[in-house]
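For reference, the structure discussed in these notes is given below.
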Amino acid sequence: MAQPLLLPQLAISVSEITHYLRQLLESDEVLQDVWVTGEISNLSRPVSGHVYFSMKDEGAALRCVIWKSNALRLRVALQNGIAVEAHGYISLYERDGQYQLYIDTLRPAGEGYLYQEFLRLKARLEAEGLFAAERKRPIPARPRRIGIVTSATGAALQDMLNTLGRRYPLVEVILAPAAVQGTEAPPELAAAIRALNKLGGVDVILIGRGGGSLEDLWAFNDERVVRAVAGSSVPVIAGIGHETDFTLTDFAADLRAPTPTGAAVQATPDIADLKQELLATESRLAAALQEILSYDRSALENLDHSLQRVSPLLRIQNDSQRLDELALRLERGLGHEIRLRQARLAGNEDRLRSLNPLAVLKRGFAVVRRQDGAVVISIGQVQIGQDLSIHVSDGEIETKVIRI
Amino acid sequence: MSEDLKPVESLSYEQALAEMETIIQQMEGEPLALEQSLALFERGQALAKHCADLLAQAELKVRQLTGQEIAGLQEEKPF
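Protein sequences appear in the order of chains X and L.
FYI, the numbering for the first sequence is 7 to 410, going by the numbering used here.
FYI, the numbering for the second sequence is 359 to 437, going by the numbering used here.
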């Protein structure tokens, strides 16, 4: 019997052909490392932790799976309808014959393009020297005035103010508000930085905003902002987004902090440290005085000893002793003299007493006087019958002359 | 020292702290007359108290520039 010219091939099993297809896919270089962009639909997140959805556009749909371990690390919140870019490899799940994109990482749509733009700008500005380490200015340790560039209504401002108030309330804050995303943001941010420079007296500038996608943060990659930061003579600390977000402003700043709060911390000393330092300084002051006092005290003691040796008081005490000695000798001498004189005097008194004329009367002699008072020592002075007085030791005798 | 001393209350925290430092160095330096040392010590104590008061009472002062002010403070600084 004649067979048809087109001989049917030997039939291979479903498994075999599926396996063949799988190998075909897995051997294709493009398919093993691919970024795909599309919109999420039919999102399913069972308890296993794995994530299943389809990415679609106008013309087609692609089944996707994200294993639990990768799903945990996703930065993007998955929702039906959002446009994303997914990276992974294409393979085939043999059980149901479905080819799938096995996704390891996901980003918002358009971010790939933005990221390219970021790299381009970075290269260009870096070549101009805007990010050079030598250009970085030191951050002052004790700022008196801190400038802040951020949205007046954002959480970043509150975070920074809370941190500054807690750590270093002595400082004065000047807020130069600016939009932190949207087309108006770059010129406002740049103007704010220039204003704080021109104002004068600002010691450091904090520029920051809360976290967001690359698109949200894009204003901080804008050339106008980057140049304003690089050209700022006031040191700038950048605290933009989250720890893992890097913008060109971060590279141009004099210091990068992971978050706005981190920027406020970098700009200030902690009040606890200030109190500690004040206590230490007070201790040194007291110690310095103590040192002076004890130095003076011992100097004083030394002086005192030296002084005592040449002390007038000492001399006075010595002299005083001599004086006493002299006085004693004087007294002795004088006393002797006095006694001598007293003795002489006594002797004279005796002699004088013995020469007293009246004492003679006691020995029997008498004083004869005439009536006119004259003492009679001769017979020529008297006449017979004349009255005479005879003075004897104990009285007078009246008498008349009888015979001469 | 013949410099005029500003009243302690008028000094900023940094100024007061700096003056304390100067005083301590003077006191640790060549020996001064006792009266002078005591005068320096008293001023040092007053400065310390002023600093402590500033730390205790300080409240963050915030001033917000207006759009007009920002516009008025522009200066082209080409980099």
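We treat Cβ as the ideally placed atom computed from N, Cα and C, and that holds for glycine.
Just so it is clear, the structure is predicted and the values come from calculations on it, not from any experiment.
Using DSSP with H/G/I as helix, E/B as strand and the rest coil, what is X:A109?
Reading off the sequence, residue 109 of chain X comes out as Ile, not Ala. In this structure, DSSP gives X:I109 an extended state, which the three-state scheme calls strand.
Cα-Cα separation, X:I383 to X:I403
17 Å
Do X:A259 and X:A273 have their beta-carbon atoms positioned less than 7 Å apart in this structure?
No, these two residues do not count as a Cβ contact at 7 Å.
Please list the partners that X:K128 has in chain L, where partner means a Cβ-to-Cβ separation under 7 Å.
Under a criterion of Cβ atoms nearer than 7 Å, no residue of chain L is adjacent to X:K128; the nearest Cβ is some 16 Å distant.
From which residue to which residue does the alpha helix (DSSP H) around X:F252 run?
Per DSSP, X:F252 belongs to no alpha helix (DSSP H) and is neither H nor E.
Give the DSSP bridge partners of X:F371, in chain order.
X:F371 is not bridged to any residue.
For X:L295, which residues in chain L fall below 9 Å Cβ to Cβ?
M385, S395, L396, L398, F399 and G402
Under 7 Å between the Cβ atoms of X:L31 and X:L98?
Taking 7 Å as the Cβ cut-off, X:L31 and X:L98 qualify as a contacting pair.
Taking only the alpha-carbon atoms, compute the straight-line gap between X:T159 and X:E283 and give it to the nearest angstrom.
36 Å
Tell me which same chain residues have a C-beta within less than 8 Å of the C-beta of X:K406, skipping the five on either side of it?
G391, Q392, D393 and L394
The ligand ZN and X:L329: does the residue's C-beta get closer than 6 Å to at least one heavy atom of that ligand?
Absent from the structure shown: the ligand ZN. Ligands present: none.
By DSSP's criteria, X:E178 is part of a beta bridge. Which residues make up the other side?
X:R151 and L:K419
Are there three or more Cβ pairs, one per stretch, closer than 8 Å when the stretch 262 to 269 of chain X is compared with the stretch 187 to 206 of chain X?
no
Relative to the C-alpha of L:L423, which residue among X:K281, X:I152, X:R315 and X:R350 is closest?
It is X:I152 whose Cα lies nearest to the Cα of L:L423.
Backbone secondary structure at L:A391 - three-state DSSP
coil
Determine whether the Cβ of L:A416 lies closer than 7 Å to any Cβ atom of chain X.
So, interface residue.
Which bits of chain L does X:L340 rub up against, with CB to CB less than 7 Å?
Within chain L, no residue comes near X:L340; the closest Cβ sits about 54 Å away, beyond 7 Å.
Selection from X:E229, X:V398 and X:V388 that minimises the alpha carbon distance to X:I408:
The residue with the shortest Cα to Cα distance from X:I408 is X:V388.
Alpha-carbon to alpha-carbon, L:S395 and X:K298:
It should be pointed out that residue 298 of chain X corresponds to Ile in this sequence rather than to Lys. Their backbone Cα atoms lie some 8 Å apart in a straight line.
Among the residues of its own chain, which have a CB less than 6 Å from the CB of X:E307, if the five just before and after it don't count?
none
Would you mind telling me which residues of chain L sit closer than 8 Å to X:K204, beta carbon to beta carbon, in chain order?
What X:K204 touches in chain L, judged by beta-carbon distance under 8 Å, is L431, Q432 and E433, going in chain order.
Please tell me whether X:G171 has its Cβ less than 7 Å away from any Cβ of chain L.
yes
Would the stretch 111 to 131 of chain X count as touching the stretch 210 to 224 of chain X if we require 3 or more Cβ pairs under 8 Å?
yes
Would you mind telling me which residues of chain L sit closer than 7 Å to X:A244, beta carbon to beta carbon, in chain order?
Chain L residues near X:A244: none, gap ~16 Å exceeds 7 Å.
Determine contact between the stretch 159 to 178 of chain X and the stretch 383 to 403 of chain L, defined as no fewer than three beta-carbon pairs at a distance below 8 Å.
Touching, no, given that fewer than three Cβ pairs across the two stretches are closer than 8 Å.
With a threshold of 6 Å on Cβ separation, who are the neighbours of X:F59 within its own chain once the five nearest residues in sequence on each side are excluded?
I46, N48, L49 and C70
CB X:D110 to CB X:N76, shorter than 7 Å?
yes
Say whether the stretch 139 to 146 of chain X touches the stretch 382 to 390 of chain L, bearing in mind that this needs 3 or more beta-carbon pairs closer than 8 Å, one atom from each stretch.
no
Take the Cβ of X:S279 as the centre, count every other Cβ of all protein chains shown within 10 Å, and call the residue buried at 16 or more, exposed below.
In the sequence as presented, Ser is not what sits at residue 279 of chain X; that position holds Asp. It counts as exposed.
Buried or exposed for X:F371, please, with buried defined as at least 16 other CB atoms from any protein chain shown within 10 angstroms of its CB.
Classification of X:F371: exposed, given that the 10 Å Cβ count is below 16.
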